[in-house]
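*Asks:* Residue numbers (numbering that gives the first Met the number 0): 0 to 486.
Idealized CB from N, CA, C, for every residue including glycine.
Here it is, the structure, as structure tokens.
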Amino acid sequence: MSMDVESFRKAGYQAIDSICDFHYNLHNHNVFSAVEPGYLRKALPDHAPEHGEHFQDITEDYQKHIIPGLTIWQHPSFFAYFPTPGTLEATLGDLVASSISNPGFNWDSSPASTELEALVMDWSAKLFGLDKAFYNENNTGGGVIQTTASESALVMVVAARSRYTRTYPGTDLNKLVIYVTTQTHSLGVKAALILGLRVRVIDVHLKDGLSLRGCALQQAYEEDKEAGLHPFILIATVGTTSSGAIDNIPEIFTVARNFPSFWVHIDAAWAGVALSCPEHRDICHLDEINRFADSFCTNFHKWGLVNHDCSALWVRDRKCLIDALDITPEFLKTKEGEQGTVIDYRNWHLGLSRRFRSLKLWFVLRCYGAEGFREHIRKGIRLNDRFATLVGSSKELALVTAPSFSLSVFCVRAPEGVTVSQNELTLDLHTRLSARKDIAITKTYLNDILCIRFAVGAARTEEKHIDAAFELITSEARQLLASISSV
């Protein structure tokens with residue numbers, strides 16, 4: 000049955016209480032659920048109810064059936080993938096945005112939706128130290144909120160393709176090539192798959208910190224041009240998913256600026272928010288990004304305190320983006336849009352309608368402030384440094400690469416005389432840890448080395464959780480090594 004305002008008020012109080020109880024008791028939950036595949040279909044009816052139900056019954060079923068099936072990414076012992084914040088400030092912003100339900104495709108469909116997004120994207124650009132070329136207020140470049148870094152990359156590939164084919168009319172689209180590396184997120188290969196383009200995966204090496212070097216880019220470009228192909232975009236990474244590696248941005252730009260109409264997109268989906276701390280800007284090559292990058296992306300919904308989804312994308316030249324995506328039928332034309340006095344964000348992304356995501360970002364930036372945001376980032380790095388130090392002193396574990404911000408990558412240290420390979424031992428340890436419900440970690444390959452990733456960043460993670468995680472991991476490793484030596 001539909002709600003009136005007073006019924007909503009009462010149900011809203013109950014919902015907020017439920018959210019508060021959930022967050023108060025995060026530490027009492029396991030990270031992973033104990034449900035089996037298909038559990039929910041067995042628990043719920045196979046069709047929608049014929050008549051409306053009382054909201055109280057729905058909320059009781061939420062507690063009974065949905066909560067037990069959650070993987071709790073906000074848990075202080077969640078160290079898998081990358082964190083997603085779930086902050087209460089962003090939750091309130093999302094709640095308010097949902098109550099408005101505004102599609103926000105044109106400025107006049109809701110001026111506040113467009114103008115707040117343009118404003119908070121400029122706030123964020125200034126927080127990260129991005130050049131004025133990326134500000135919305137300069138009317139040349141600008142920032143827009145996308146759903147994910149994958150969508151941001153896809154949009155940039157579309158814009159880069161459009162710029163290249165306008166510059167070189169008649170180019171055979173089948174010969175266009177996207178450049179990524181063996182450590183680039185799957186978003187690059189997926190963009191090629193969606194758009195029917197070629198992709199070249201350039202090798203990177205441990206001796207270079209898994210960073211793309213300029214010489215490798217130069218070699219790939221020369222080989223492809225010789226073969227009659229058209230490389231038109233590189234997706235470079237600041238903070239790769241597997242290891243947190245940072246591509247050699249200075250060398251890349253030294254080489255790439257000699258390639259006509261070649262677009263360089265910087266994917267800093269996880270690590271980009273570290274730019275809020277001035278002490279991390281040099282290692283992220285901010286100066287070179289500011290001088291040469293065509294686009295830059297980071298996700299607030301990973302390490303940046305804003306609930307999913309909120310991917311921040313900036314472009315140096317908004318015209319390249321709009322020219323690629325502007326489809327304006329008569330019913331979408333407005334006086335302000337025709338005069339060019341406003342931003343129509345529908346031309347900055349793949350869809351037409353869009354959520355009012357800027358509200359939750361606005362709530363977070365105002366509630367935390369720049370210094371509170373920076374302290375959250377610094378805390379994550381301190382906690383990871385603690386974990387890396389513990390691993391460094393361990394007899395059972397070893398770091399595979401140097402820690403990167405709040406990410407450490409490690410493996411099992413194979414004892415002398417043991418015939419089982421290091422990769423097999425690390426896989427066995429990962430299997431043991433994955434069977435547990437009280438910690439979340441993920442594995443990866445760095446070239447031929449199997450590793451375990453440990454990503455810090457949940458707002459409620461403290462030193463005690465780092466210490467407990469290390470003890471748990473080393474205890475499992477000791478048991479594993481003992482079982483091997485006893486065979």
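What are the residues that DSSP puts in a beta bridge with HIS229?
*Replies:* Note: HIS229 sits in a beta bridge opposite LEU175.
*Asks:* Taking Cβ positions only, does TRP269 come closer than 8 Å to chain B?
*Replies:* No chain B appears in this structure, which consists of one protein chain only.
*Asks:* On a Cα-Cα basis, can you pick out the residue from TYR38, GLY195 and ALA481 that is closest to LYS174?
*Replies:* Nearest option by C-alpha distance: GLY195.
*Asks:* Count the other C-beta atoms from every protein chain shown that fall within 10 angstroms of the C-beta of CYS214, then say buried if there are 16 or more, exposed otherwise.
*Replies:* That one is exposed.
*Asks:* Considering only residues of the same chain and omitting the five flanking positions on each side of LEU274, which have a CB-CB separation below 7 Å?
*Replies:* Same-chain partners within the cutoff: PHE127, GLY128, ARG280, CYS283 and LEU285.
*Asks:* If you drop the 5 nearest sequence neighbours on each side, which residues of the same chain put their C-beta closer than 8 Å to that of TRP122?
*Replies:* Only LEU364 meet the Cβ criterion.
*Asks:* CB PHE372 to CB LEU312, shorter than 8 Å?
*Replies:* The answer is no: Cβ separation not under 8 Å.
*Asks:* Thinking ASP156 and ILE232 are a contact (beta carbons under 8 Å), I'd like their distance in whole angstroms, please.
*Replies:* Reading off the sequence, residue 156 comes out as Val, not Asp. Correct: roughly 6 Å between the Cβ atoms.
*Asks:* Quick one, which of GLN338, ARG385, GLU374 and ARG165 has its alpha-carbon nearest CYS319's?
*Replies:* With distances taken between Cα atoms, CYS319 lies closest to ARG165.
*Asks:* Starting from PHE453, follow the beta strand (DSSP E) in both directions and report where the run begins and ends.
*Replies:* 448–454 is the span of the beta strand (DSSP E), which, as asked, contains PHE453.
*Asks:* Does the distance from the CB of ALA458 to the CB of LEU406 come in under 8 Å?
*Replies:* Cβ distance not < 8 Å, so ALA458 and LEU406 don't count as in contact.
*Asks:* From SER352, GLU337, GLY336 and ARG345, pick the residue whose C-alpha is nearest to that of ALA323; which is it?
*Replies:* Nearest C-alpha to ALA323: ARG345.
*Asks:* Determine whether the beta carbon atoms of ASN247 and ARG212 lie at a separation below 8 Å.
*Replies:* It is a contact, given that the beta carbons lie within the stated cut-off.
*Asks:* Just to confirm my understanding: we take THR239, look at its own chain, exclude 5 residues before and 5 after, and list those with CB closer than 6 Å. What are they?
*Replies:* If we look at THR239 and ignore the five residues flanking it on each side, its Cβ neighbours are GLN182.
*Asks:* Inspect the beta-carbon positions of HIS412 and ILE465 and report whether they are closer than 8 Å.
*Replies:* The question names His, but residue 412 is Arg in the sequence shown. Taking 8 Å as the Cβ cut-off, ARG412 and ILE465 do not qualify as a contacting pair.
*Asks:* Less than 7 Å between C-beta atoms, sequence neighbours within five positions excluded: which residues of the same chain meet that for GLU475?
*Replies:* Taken in chain order, the residues that qualify are LEU428, ARG431 and LEU432.
*Asks:* When the Cβ atoms of the stretch 220–236 are set against those of the stretch 409–425, are three or more pairs found closer than 8 Å?
*Replies:* Taking 8 Å as the limit for Cβ pairs, the verdict is that the stretch 409–425 does not touch the stretch 220–236.
*Asks:* Using 10 angstroms around the beta-carbon of ASN489, count the other beta-carbons present and answer buried if the total reaches 16, otherwise exposed.
*Replies:* Limits of the chain in this structure are 0 at one end and 486 at the other, which puts residue 489 out of reach.
*Asks:* Skipping 5 residues on each side, what residues in its chain have a beta carbon closer than 8 Å to that of LYS436?
*Replies:* Excluding residues within five positions, the ones whose Cβ falls inside 8 Å are ASN29, VAL30, PHE31, SER32 and ALA33.
*Asks:* What would DSSP say about TRP313, mapped onto helix, strand or coil?
*Replies:* TRP313 falls in the strand class under three-state DSSP.
*Asks:* What's the C-alpha gap between GLN421 and ILE18?
*Replies:* Straight-line Cα distance between these residues: approximately 44 Å.
*Asks:* Are the stretch 322–340 and the stretch 96–114 touching by the rule of at least three beta carbon pairs closer than 8 Å?
*Replies:* With the cut-off at 8 Å, the stretch 322–340 and the stretch 96–114 touch.
*Asks:* With DSSP as the reference, identify every bridge partner of ARG197, one or two as the case may be.
*Replies:* According to DSSP, which records beta bridges pairwise, ARG197 is partnered with VAL176.
*Asks:* By DSSP, does CYS410 sit in helix, in strand, or in coil?
*Replies:* Three-state result, CYS410: strand.
*Asks:* Assuming VAL179 contacts VAL188 under a Cβ cut-off of 8 Å, what Cβ separation, rounded to an integer in Å, is found between them?
*Replies:* Confirmed, Cβ separation roughly 7 Å.
*Asks:* Examine the Cβ distances between the stretch 8–17 and the stretch 48–61 and report whether three or more of them are shorter than 8 Å.
*Replies:* The answer is yes - the stretch 48–61 touches the stretch 8–17, with three or more Cβ pairs under 8 Å.
*Asks:* Which two residues bound the contiguous beta strand (DSSP E) that contains THR297?
*Replies:* Segment 294–298, the beta strand (DSSP E) holding THR297.
*Asks:* Identify, in the order they occur along the chain, each residue of the same chain with its Cβ nearer than 6 Å to the Cβ of VAL408, setting aside the five sequence neighbours on each side.
*Replies:* So the list reads SER242, VAL399, THR400, CYS450 and ARG452, once near-sequence residues are dropped.
*Asks:* Nearest to LEU118 by alpha carbon, out of ASN135, LYS131 and ASP130?
*Replies:* Measuring from the Cα of LEU118, the nearest candidate turns out to be ASN135.
*Asks:* Would the beta-carbon of GLY140 fall within 8 Å of that of VAL314?
*Replies:* Yes, they are a contact pair.
*Asks:* Using a Cβ-Cβ cut-off of 6 Å (strictly less than) and excluding sequence neighbours within five positions of SER151, which residues of its own chain qualify?
*Replies:* Excluding residues within five positions, the ones whose Cβ falls inside 6 Å are GLN145, CYS296, SER310 and LEU312.
*Asks:* When you compare each of HIS300, ILE251, ALA47 and ASN306 to ASP293 by their alpha carbons, which one comes out closest?
*Replies:* Comparing Cα positions, the closest option is ILE251.
*Asks:* What would DSSP say about LEU209, mapped onto helix, strand or coil?
*Replies:* The answer is coil: DSSP assigns LEU209 none of H, G, I, E or B.
*Asks:* Within this structure, are the beta carbons of VAL492 and LEU358 separated by less than 8 Å?
*Replies:* Absent from the structure is residue 492, since the part of the chain shown begins at 0 and ends at 486.
*Asks:* Just verifying my parser: in three-state terms, what is the DSSP assignment at SER161?
*Replies:* SER161: helix per DSSP, three-state reduction.
*Asks:* Taking only three categories from DSSP, how would you classify VAL4?
*Replies:* Three-state DSSP puts VAL4 in a helix.
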